[in-house]
Amino acid sequence: MSGRNGLYFAWKLIDRYRNREAINEHQIEFALKAIETVTGRRPIHGSQALEFEDEARLREKVVAR
Numbered sequence: 053m054s055g056r057n058g059l060y061f062a063w064k065l066i067d068r069y070r071n072r073e074a075i076n077e078h079q080i081e082f083a084l085k086a087i088e089t090v091t092g093r094r095p096i097h098g099s100q101a102l103e104f105e106d107e108a109r110l111r112e113k114v115v116a117r
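For the record, in the sequence shown the residue sitting at position 23 is 75 according to our numbering, with numbers rising by one throughout.
The structure is reproduced here in structure tokens:
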């Protein structure tokens, strides 16, 4: 899986988590690690919804093909 595809999938997992869809802890850990590896960012400390500072800018380069 390329970096761009992996990052797209990671953001989709975060969206599913925020929408309270069925997602397990391992999937969240994968998504957070992928986002951190590519962007160098972690969620805002204490954020229950796993929000990222300047998230729109982080997502703009990742679009589905």
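Backbone N, C-alpha and C fix where the C-beta goes; we use that ideal spot for every residue, glycine too. Being a predicted model, the structure only gives us computed values, none of them experimental.
task: Use the C-beta contact count for ALA108: other C-beta atoms within 10 angstroms, 16 or more gives buried, fewer gives exposed.
output: With fewer than 16 other Cβ atoms within 10 Å, it is exposed.
- request: Determine the direct distance from the alpha carbon of ALA83 to that of GLU77, and round the result to whole angstroms.
  value: C-alpha separation (whole angstroms): 10 Å.
field: Residues near TRP63 by beta carbon distance below 7 Å, same chain, minus five either side
entry: Result list for TRP63: ARG111 and VAL114, in chain order.
- prompt: If you draw a straight line from the alpha carbon of ALA86 to that of ILE80, how long is it in whole angstroms?
  reply: Each residue's alpha carbon lies about 10 Å from the other.
message: Residues in the same chain with beta-carbon distance under 8 Å from GLU105, minus the five sequence neighbours each way, listed in chain order, please.
response: Within the same chain, GLU105 has close Cβ partners ARG93 and ILE96.
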